[in-house]
Amino acid sequence: MSSGGEHIIWFERLIPLLKENKLPCENGSYRTAEPDEFMFMHVDPENKERAYFKHRDTRNYVIVYKCNGVYLLEVPVTDKPFFRGTFDSFGSVDVKTL
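23 is the number of the first residue of the sequence shown in our numbering; add one for each residue after it.
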């Protein structure tokens, strides 16, 4: 995890990218995701202009990175856990106390 307010700066970069880009779902459709569906994980230690966010439901990553002065959104799609490229939302879960 990062120190200080670094995560806030990266969320400010993520928010407009989520508005501009619909994310793929497992059934092949695309949907608009909300920033609160993601957790800031870390900045790439080898490239400080690249940060990783994990989706709360699917646990898959999106990557925000800078290219030619513009921030872009990368959706990795692999067979590896956390990089499967789908972002279904399972909604909220009611917790019952026994």
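From the three backbone atoms N, C-alpha and C, an ideal C-beta is built for every residue, glycine too.
The beta carbon of Met-61 lies closer than 6 Å to those of Lys-76 in the same chain, with the five residues before and after it left out.
Judged by DSSP in its simplified three-state form, Arg-72 adopts strand. Boundaries of the beta strand (DSSP E) harbouring Glu-96: 92-96, taken from the DSSP string. The alpha carbon of Asn-69 has as its nearest neighbour, out of Val-86, Asn-82, Asp-79, the alpha carbon of Val-86. Take the alpha-carbon of Gly-50 and the one of Glu-96: they are about 17 Å apart. Cβ-Cβ distances below 7 Å link Asp-110 to Cys-47, Glu-48, Asp-79, Thr-80 in the same chain, with the five nearest sequence neighbours on each side left out; the list follows chain order. The DSSP assignment places complete beta strand (DSSP E) segments of no fewer than 3 residues inside the segment 32-79 at 60-65, 72-77, in order along the chain. Nearest neighbour of Asp-66 by Cα position, chosen from His-29, Asp-101, Asn-90, Lys-44, turns out to be His-29.
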